[in-house]
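Chains as they are written, first to last, in our numbering: chain R, 1 to 310; chain H, 1 to 399.
Just so you know, even glycine gets a beta-carbon here, dropped at the ideal spot from N, CA and C.
See below for the structure under consideration.
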């Protein structure tokens, strides 16, 4: 059983996104896909902020669109606290906004939409209590260990209400459908970086090469060009920090040298099985350490303690 | 015609090559008719389908001297190779009309060519065999009269304590060979029926039977294919073809080289279409146009033999070694789940795996090679569970 409490909130957020994406793709593999069956397709996910009818910013995690029904569902995944200001901004999203965002529809004039908040089983109760105090009627759904249920309020589209509760096995959430997010923690970022460096080495067919951090990021996020500037900066800073940590750790010095946002990556005799195994085992060791440190850091934080009790 | 005679022949284009193969196969046919058995010294026509993401002009195989010669046809090459320390030069005729899936023909002995092709496909970057999973290989049965089947299995992923059959190699000749294979496949069903009788004396035998069923992947198939529909069956041209799961086609007899070449071409086209479909429709892609969306989906391998020790199983898969040759990092691990961020060492492409007790989820990111899926699936069948089934396509089967 994957334990949320071992994960940092940022990773929890990505897994909630994967839980919803899984419901919306063809063949998630031993995981239901009622949104896909009902004709919904993924239109947007973890998009950069867009404007609502009042000119305020909202940043939906996922938007599903059903062209035939002219219906869209906007999901915001909550891994931490709820924010009334954010809810109010979502309340001001109108169909014209969705049309401006380019959401698929056959008839923009008839486009309807729902806004739904997604919680994990650890914070669902807290989110429900919070939303009960607010004047919004957003459907709130909870991703649990054995089902995804609607905690409160209905979707405007009746056909959607009928699909809940959705039986799932939490461990079967397709977690690599979205393998790394903009808020992913260090051990996930490092895992992607190491894999990408080896991937590039095989493509370049060189046992040593230089690569800018931005090139690595572009490979990790194939939709880099679509990400807004402010998010790009945050991701760049995060990757830069993670690479500096790796270079300073002393555990990967035979493979990585990092300075001024440029990595020198080398694996002597890179097609040799033993060289690869050695690189693999040292990478694993370092990533395990990152994971352990991060979880410990979170467990030490007061905020984590309060989340864990829900 | 001996190998030395063939080597003396100048081949400058496909027409001359076709004549060479035709003469070779007719020699074999006539002598076989005359002596009623295959003569060992005769060199059968063998063809290999090989995937390449690189130019043939860069062909370089460790442990061999390799010389690539051009012909008058810009897509047709003659490759001469010699194992280091040996004198004999062997000759291959390489058709690169399809730049990605080459057809390599030879009349040289398998003992020399098979190791070279294996090294080319398994150890050389950006090269690979084609991989016909069991279900795909079974299609060849329908093309003519079934003559033989080959079963080949090597256990590398199972737990030692539960391992009952570690290696299996079996070849069955004759019209009933397919029936025997079907019987082996039905052994688990037989076991479950007999178990209901509560007769304990059968248990040990049935366990072995079940193990045999998991360990008997169809690895080769022999079939007699007729080239025409002449009323008198004796008058029909035909080819006795043996196809193995790594894309080796051996013309073991017959008198129609055209049929051999046609079979190769059709197989290559169909296989190429499947691989292209995986890359275009199944690989996980992010739409370049606005707004940003995802297309594609994972594929699922359903196992009929549960994995006892996930850590050991995945450790072998990502050991960087043959046969999987996958480098990977264990991102997430629990008793009943392992998530792997991986790289396929055949070509450097990314692949992600989620391994559960009785199924595996495969994600091929955009730009990944569809042949990686075919290889992984085939290797699971040949090294862990020959009854494994790939799922994830809405209509019909991928393989």
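Would a check of beta-carbon distances place residue i closer than 9 Å to chain H?
i: residue 55/R; result: no
i: residue 134/R; result: no
i: residue 283/R; result: yes
i: residue 302/R; result: Reliability fails at residue 302/R, whose pLDDT of 44 lies under 50, so the model's placement of it is uncertain and no value is given.
i: residue 143/R; result: no
i: residue 296/R; result: no
i: residue 113/R; result: no
i: residue 117/R; result: no
i: residue 280/R; result: yes
i: residue 308/R; result: Confidence in residue 308/R is poor, its pLDDT being 38 and thus under 50, which makes the residue's placement unreliable; the coordinate value appears in the next sentence. No, because no Cβ of chain H sits closer than 9 Å to the Cβ of residue 308/R.
i: residue 202/R; result: yes
i: residue 188/R; result: yes
i: residue 97/R; result: no
i: residue 243/R; result: no
i: residue 13/R; result: no
i: residue 271/R; result: yes
i: residue 277/R; result: yes
i: residue 196/R; result: yes
i: residue 124/R; result: no
Are the Cβ atoms of residue i and residue j separated by less than 9 Å?
i: residue 357/H; j: residue 301/H; result: no
i: residue 217/H; j: residue 399/H; result: no
i: residue 213/H; j: residue 257/H; result: no
i: residue 376/H; j: residue 351/H; result: yes
i: residue 282/R; j: residue 252/R; result: yes
i: residue 180/R; j: residue 173/R; result: no
i: residue 114/R; j: residue 157/R; result: yes
i: residue 235/R; j: residue 182/R; result: yes
i: residue 285/H; j: residue 366/H; result: yes
i: residue 166/R; j: residue 34/R; result: yes
i: residue 104/R; j: residue 65/R; result: yes
i: residue 20/R; j: residue 120/R; result: no
i: residue 208/R; j: residue 239/R; result: no
i: residue 109/R; j: residue 67/R; result: no
i: residue 90/H; j: residue 81/H; result: yes
i: residue 175/R; j: residue 60/H; result: no
i: residue 233/H; j: residue 251/H; result: no
Based on the DSSP output, what are the partners of residue i in its beta bridges?
i: residue 251/H; result: 45/H, 241/H
i: residue 352/H; result: 341/H, 363/H
i: residue 142/R; result: 119/R, 149/R
i: residue 326/H; result: 344/H
i: residue 265/R; result: 209/R, 256/R
i: residue 68/H; result: 79/H
i: residue 170/H; result: 151/H
i: residue 101/H; result: 51/H
i: residue 374/H; result: Answer is none; residue 374/H lacks a bridge partner.
i: residue 44/R; result: 63/R
i: residue 270/H; result: Answer is none; residue 270/H lacks a bridge partner.
i: residue 389/H; result: 302/H
i: residue 180/R; result: Per DSSP, none; premise fails for residue 180/R.
Any C-beta of chain R sitting closer than 9 Å to the C-beta of residue i?
i: residue 320/H; result: yes
i: residue 330/H; result: yes
i: residue 356/H; result: yes
i: residue 349/H; result: yes
i: residue 327/H; result: yes
i: residue 345/H; result: yes
i: residue 298/H; result: yes
i: residue 294/H; result: yes
i: residue 285/H; result: yes
So residue i packs on residue j, CB below 8 Å; how close in whole Å?
i: residue 18/R; j: residue 177/R; result: 5 Å
i: residue 106/H; j: residue 57/H; result: No, residue 106/H and residue 57/H are not in contact; Cβ-Cβ is about 19 Å, not under 8 Å.
i: residue 364/H; j: residue 283/H; result: 4 Å
i: residue 100/H; j: residue 148/H; result: Residue 100/H to residue 148/H, Cβ: 30 Å. No contact.
i: residue 178/H; j: residue 146/H; result: 5 Å
i: residue 388/H; j: residue 303/H; result: 5 Å
i: residue 320/H; j: residue 349/H; result: Going by Cβ atoms, the distance from residue 320/H to residue 349/H rounds to 15 Å, so no, they are not a contact pair.
Discussion item. Tell me which residues of the region 161 to 178 of chain R have at least one Cβ-Cβ distance to chain H shorter than 9 Å, keeping chain order.
Written reply: Listed in sequence order: 171, 172, 174, 175, 176, 177, 178.
Discussion item. Against chain H, which members of the region 50 to 77 of chain R pass a CB distance test of less than 8 Å?
Written reply: 63: these are the residues of the region 50 to 77 of chain R whose beta carbon lies less than 8 Å from some beta carbon of chain H, given in chain order.
Fill in: Cβ-based contacts, 7 Å cut-off: residues of the region 356 to 378 of chain H near chain R
Per Cβ criterion, the list reads 359, 361, 363, 366.
Worksheet item: Using a beta-carbon distance cut-off of less than 8 Å, what residues from the region 21 to 44 of chain R approach chain H?
Response: So the list reads 21, 25, 26, 27, 28, 29, 30, 41, 42, 43, 44, given in the order they occur along the chain.
Worksheet entry | Near-chain R residues of the region 238 to 272 of chain H (beta-carbon distance less than 8 Å), N- to C-terminal order | Of all residues in the region 238 to 272 of chain H, none is placed with a Cβ closer than 8 Å to any Cβ belonging to chain R.
Fill in: Contact list for the region 216 to 244 of chain R against chain H, Cβ threshold 7 Å
If the cut-off is 7 Å between Cβ atoms, the region 216 to 244 of chain R has 222, 223, 226 near chain H.
Practice prompt. Please name the residues in the region 123 to 145 of chain H whose beta-carbon is closer than 9 Å to at least one beta-carbon of chain R, in chain order.
Written response: Taking 9 Å as the Cβ-Cβ cut-off against chain R, the residues of the region 123 to 145 of chain H that qualify are 123, 125, 126.
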